[in-house]
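Just so you know, the protein sequences line up as chains A and B, in that order. Using the numbering used here, read the first sequence as starting at 3 and increasing by one per residue. Using the numbering used here, read the second sequence as starting at -1 and increasing by one per residue. From the three backbone atoms N, C-alpha and C, an ideal C-beta is built for every residue, glycine too. Treat the numbers as computed from the prediction; the structure is a model and nothing was measured. Below you'll find the structure, written out as C-alpha cells, and then a few comments.
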Amino acid sequence: MNVSYGLENIWLWFTALLEKLFGWFGLPYIFAYTIEKIIFAAALLAFISISVLFLIWMERKVSAHIQSRLGPMHVGGWHGWAQTIADMVKLLFKEDIIPAKADKWVHRIAPIVVFVPSLMAFLVIPFEKNLIGQDLNVGILLIFAFSSLAVLAIIMGGWASNNKYTLIGGIRSAAQMVSYEIPLVLSVLSVVMMVGSLKLNDIVEAQSRVWFVFSQPLAFMLYIIAGTAEVNRTPFDLPEAESEIVSGYNTEYSGLKYGFFMLSEFTNMLIVSLVAATVFMGGWLGPKWLPLPGIIWLLLKTYLIVFVLMWVRWTFPRLRVDRLMDFGWKILIPLAFINIFITGLFMVIFK
Amino acid sequence: MDFPFFNGQLITYGFFLLFATVAIASALLVVSVKNIMHSALFLALFLLSVAAMFFIFDADFLGIVQILLYIGGVIVLILFAVMLTSRVSSQLIQQTNEQKFLAIIVCIFLFGMLSYVIFTSGLKGFERPLVEGGITRNVGQLLMTVYVLPFEVASLVLLAALIGAMVIVGKKDE
C-alpha cells in the first residue's frame, strides 16, 4: 500500500507537533484535540469552497462543449477560469430580498439548514487513511442521515417564500427525496453486508483486491441513479424545473441566500461522487506501482463520477412526475432488494 | 498543572446540559407556538437534540437512526401532509390549545412518574464505555438472536400497515 507518500503524513506530523507543544505548556490534551479538529474543519471548508467554485466552472464548460459552444472564455484569461469567482462576488453584492408575505425567520434559516448537513457529511469521508475528521462506527449511515436533512431545508424554503411555485417545488422535492433515499441506502447496504462494517475506512480497505464496482455492479448503478435523484439533477430535477415552476423552491431567494442553496447543491453532488468513489471505487487506494498520495486517487475517481453526472445532465431530458415515482418505487427499490438477496445468498454459499 | 474543569467528563456534562436545554425548550415550543408549520420545525429541532444526546452517550447508531428515520422520514412526512392541506398550512391560520391546563396536569403527573421510576431503579451514572465494541454490532446481534421474535412481529405490523395503506389508496371512488 502506498500510504507513506500521502498527505496524511504532513497532517500526522502537524498534530503530533501541536500535541507536544501543548504538552510543554502543561495544557491538557483536550485543548490540542479541539484545535486540531477546528483546523481540520477549516481546511475542509476551504476544500469545499474551492471545489464548488471549480465544479460550477466545470459544469459550464462541460455543458458548453456538449452543446458545441465554448462557454466562458474571457474572465481570468485561460478558458475563463475566474468566471465563477466573478459570479460569486456579484452574488455577494446583490440585494437580499425577503418577500413581504414570507415567513421571515423560516425564510432566513432555510439556507443555513440546507448547507450545514452537507458540511457534516464531509466529517466521516476518509481522504486518506488518517486524513479524516472522525472515523465513526456509523460513518456511511451518517452521510445518508445528514443528506436526508437537506430536504427539510428545501421544504422550509419552499413553504416560507409563500409562493405557489416554491411550494410546488418544495413538495416535489420532498416526495422525490424521500422515495429515492430508500434505493440509495439499500444499494450501499449490499456493500456493507460484504464488508461487515459501516466504517468508511473498513469499506475502502476491503477493496484492496477488487473494487466493489466490479463485484457489485448493480448496486453501483442503483447508487448512481438514486444519487442523481437525491441531489436533484437532471433527469431528476423536477423540484427546480425551469420550464414548469420558474426555479422551484429557491425562486424567491436572492443574493447570498441563493448562493447558499447553489453551494449546497454542488456540495451534495461532490458528496455523492466522493461516496461513490469511496464505497465502490476503492477510495484512497491506488495501484501499487504508482506511488501518489491517496487524496489524488480519491479526487481523480471523484471527478470521473462528477463528469459522468454532468454528462448525464446535459444529455437526457427531464422525467415526468408520475414516471419519476414509478421508476423509484417499482424499479429501483425491487432491484435493490433483489441485489441484497443475491448478495446474501452468495455470502452464505461461498462462506 | 492540573485543570479539573477541562477534563472530558465535564465537557460531556456541559454538552449534555446544552442539548437537554435545547430539547426541553423546543419541546415546549412545539406545543405552544401558534403556527402548525413552526410546530413541526421545532419538533425537528427537538428530535435533533435528542439525537445529539444519543451521540454524547456513545449510542451513535441510535443517534443516526433518530436523524435518518425521524427527521428525514417522519418530520418530512408531517411537513408534506401539512403543506398539502392548504387550510392548515396558510400562514394566517392560527391554532388554539383549548385543553392547556388538563395537558399541563397530565404532563406533571407523567414527569413525576418517570422521575420516580428512574430514581428508584438504581441506575448508576454514565460511565464510558457503555458497550464494548460499539453499539451497532451489539444491536444487530441482539436483534437477530435474543429479540428475533419482537423484531419479526414489528416488521409484520409494518407490512400490514403498508398493505392497509395501499388498500385505502387503491379504493376506487364511485
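Listed by position along chain B, the residues whose Cβ is nearer than 7 Å to that of asparagine 203(A) form an empty set, because the closest Cβ is around 14 Å away. In this structure phenylalanine 124(A) is in contact with glycine 135(A), their Cβ atoms being roughly 7 Å apart against a cut-off of 8 Å. Pairing glycine 346(A) with methionine 195(A), the inter-Cα distance amounts to about 8 Å.
Within the segment 118 to 152 of chain A, contact with chain B at the beta-carbon level (separation under 8 Å) is assigned to Leu138, Asn139, Val140, Leu143, Leu144, Phe146, Ala147, Phe148, Ser150 and Leu151.
Here DSSP, grouped into helix, strand and coil, assigns arginine 211(A) to coil. Taking the beta carbon of phenylalanine 13(B) as reference, no residue of chain A falls within 7 Å; the closest one sits roughly 13 Å away. Isoleucine 40(A) has a beta carbon lying at 8 Å or more from every beta carbon in chain B. When only Cα atoms are considered, leucine 292(A) and leucine 276(A) end up about 21 Å apart.
Look at isoleucine 273(A): its C-beta is not under 8 Å from any C-beta on chain B. Listed in chain order, the beta strand (DSSP E) runs fully inside the segment 293 to 338 of chain A amount to none, counting runs of at least 3 residues. When Cβ-Cβ separations below 8 Å define contact, glutamate 61(A) makes no contact with chain B.
When the five nearest sequence neighbours on each side are left out, the beta carbons in the same chain lying within less than 7 Å of the beta carbon of proline 119(A) are those of Phe148, Ser149, Leu151 and Ala152, in order along the chain.
The segment 35 to 45 of chain B makes contact with the segment 13 to 27 of chain B; the number of CB pairs closer than 8 Å reaches 3 or more. Given a length threshold of 4 residues, each whole run of the alpha helix (DSSP H) inside the segment 40 to 118 of chain B is given here in chain order: 58 to 63, 74 to 82, 84 to 87 and 98 to 118. Judged by DSSP in its simplified three-state form, isoleucine 99(A) adopts coil rather than helix or strand. The distance from the Cβ of tyrosine 251(A) to that of glycine 159(A) is about 5 Å, consistent with a contact at the 8 Å cut-off.
The segment 283 to 300 of chain A makes no contact with the segment 321 to 334 of chain A, as fewer than three CB pairs between them are under 8 Å.
At a cut-off of 8 Å between C-beta atoms, methionine 158(A) counts as an interface residue with respect to chain B. For the segment 25 to 39 of chain B, the set of positions with a beta-carbon nearer than 9 Å to some beta-carbon of chain A reads Asn33, Met35, His36 and Leu39 in chain order.
Our two residues, tryptophan 313(A) and valine 64(A), have alpha carbons roughly 7 Å apart in a direct line.
It is roughly 19 Å from the alpha-carbon of histidine 81(A) to the alpha-carbon of valine 91(A). For methionine 164(B), no Cβ of chain A is located within less than 8 Å of the residue's own Cβ. The beta carbon of leucine 220(A) sits closer than 7 Å to those of Leu337 and Asn341, all from its chain and outside the five residues before and after it, given in chain order. For the pair leucine 200(A) and leucine 144(A), the Cα-to-Cα distance works out to about 9 Å. If you draw a straight line from the Cα of leucine 93(A) to the Cα of glutamate 10(A), it is about 35 Å long. Fully enclosed alpha helix (DSSP H) runs of no fewer than 4 residues occupy 85 to 95 and 106 to 122 of the segment 71 to 124 of chain A, in order along the chain. Two segments are said to touch when three or more pairs of C-beta atoms, one from each, lie closer than 8 Å; by this definition the segment 169 to 179 of chain A does not touch the segment 54 to 61 of chain B.
A straight line joining the alpha-carbon of phenylalanine 149(B) with that of tyrosine 68(B) spans about 19 Å. Look at the segment 162 to 193 of chain A: the residues with a C-beta under 9 Å from a C-beta of chain B are Ala162, Asn164, Leu169, Gly172, Ile173, Ala176, Ala177, Met179, Val180, Glu183 and Val187. Between the segment 261 to 272 of chain A and the segment 8 to 19 of chain B there are fewer than three inter-stretch CB-CB distances shorter than 8 Å, so the stretches are not counted as touching. Taking a cut-off of 8 Å on C-beta distances, the segment 174 to 191 of chain A does not touch the segment 103 to 119 of chain A, as fewer than three cross pairs fall below it. DSSP, read as helix, strand or coil, puts isoleucine 32(A) in helix.
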